[in-house]
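So the sequence shown is numbered by the working numbering: it starts at 635 and just counts up by one. Glycine included, every Cβ here is placed at the ideal spot set by N, Cα and C. Contents: one structure, followed by commentary.
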Amino acid sequence: MSRRSSTDPSIDPVRVWSTWGMCDDHVHDHHAAGESAPRAVEGDVVDPIALDTVVEVVVSMLFDNTNHAQMPPHGPATRPGFLGVDTVSSGVMVVGPVSAGVVAEHGFSALVTVRTAESSHTVLFDTGISPFGMADNMERLGLDAADIEVAMLSHGHFDHAGGLEGLARLRRRAGLPIVVHPGVWAQRRQALPELPAVELPTLSRRSLEEEGFEVIERRQPSLLLAGSVLITGEVDRTTDFENGMPFHEQLVDRKWEPDPLILDDQALVVNVRGKGLMVLTGCGHAGAVNIARHAMRLTGVDELHAMVGGFHLNGPAFASVIGPTIHAFQHMAPEVIVPAHCTGWTAQHRFATEMEDAFIPNSVGSSFTLAA
């Protein structure tokens, strides 16, 4: 059927984005995208990256799909509740100010602080979807944007990069390095069967630089903050069940081509002394299992301590991926697993029942402290 242009004012890209994961499964031709996929690494890493261990890592959730102010503490997770959030005056309340609350929207952002015996460092991982949601949450939670030494994007989708404007406001245009994969600038669209194709908002490098960000492009792994944080770069695709995002396309030489693999998808990795790796994902488009295995292969560390973030298992198109994903993580046996953002209720429920000892629900404002 013919498709209307994404410039048609009757088409809402955010609405279509929200229904994307709910469409029926579809056999998609991965050949074209597969030609440019990272080469799979067989066997053990010959020369692993020397990721320094840390004595503690704290992952503070600035933005996620869910906020539950009465969610109790759970293992390494602490919650701000109502008392841990800034207050505002109210003209309709008799006694005192009220909690300002925190914003929950379809997006993801986390503040990651690593501590060694000598120092402490902070990196911002993704920025959520709305221009100022993440920034408002930081202020309401009493977090200081001046502590951020470097930012990174897990990939270029707008529900992870939308809050960069608010971050620039918080930092008053003070320079901040931001590490991205060069694929984040790609023009992309969703082309679901029987629906109009909708172009997604595209990140502007020039605008970021005008806002005071120092853009650093890397396809390869990167070590940050005195070697205590690893960014994976492009992730090797080695499982036979994680095949990326159907109906996702990229504009190449003025022609829309299949882009199911979303090669700019990357993760953040920290090595907690005596515990193993903490892996943080944005959407996990590379596949949560692929990402975890890739992190272990890069570092030569064979213990996965915690897996946190979006695993993108929502909707019928990913229903068949949930079982193999959980089975693989049962084999890796992390002590902590926090499926957030785009993981979806069905997958979260199965993680909660089939990995009960490790599963921890997420909520905006939660902090996860993993210590040696």
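Compare the beta carbon distance of residue i and residue j with 9 Å and say whether it is the shorter of the two.
i, j, result
"I782", "V748", "no"
"E799", "I763", "no"
"H702", "S997", "yes"
"V818", "L787", "yes"
"I865", "V813", "yes"
"G943", "A744", "yes"
"T915", "A922", "yes"
"A981", "T1003", "no"
"M941", "V970", "yes"
"H928", "T872", "yes"
"M966", "A926", "yes"
"G910", "R713", "no"
"G809", "E848", "yes"
How long is the line joining the alpha carbons of residue i and residue j, rounded to whole angstroms?
i, j, result
"N924", "D870", "7 Å"
"I850", "A901", "16 Å"
"H1038", "A769", "Since the first residue shown for the chain is 635 and the last is 1006, residue 1038 is missing from the structure and cannot be characterised."
"A831", "G796", "21 Å"
"R774", "V722", "10 Å"
"E833", "L801", "25 Å"
"V906", "P880", "35 Å"
"V691", "D893", "34 Å"
"E883", "E891", "5 Å"
"M912", "S838", "31 Å"
With DSSP as the reference, label residue i as helix, strand or coil.
i, result
"T756", "strand"
"M989", "coil"
"F963", "helix"
"P816", "helix"
"R805", "coil"
"T750", "coil"
"T980", "helix"
"L857", "strand"
"T866", "coil"
"H740", "coil"
"L717", "coil"
"T712", "strand"
"T653", "Because the pLDDT at T653 is just 40, under 50, the model does not fix this residue reliably, and the value given afterwards should be weighed accordingly. It is helical."
"F792", "helix"
"E799", "helix"
"A703", "coil"
Going by DSSP, what residues sit across from residue i in a beta bridge?
i, result
"N905", "T687, L911"
"G944", "A974"
"E845", "The partner list for E845 (beta bridge, DSSP) is empty, contrary to what the question assumes."
"I850", "V813"
Taking buried to mean at least 16 other C-beta atoms within 10 Å of its own C-beta, is residue i buried or exposed?
i, result
"G776", "exposed"
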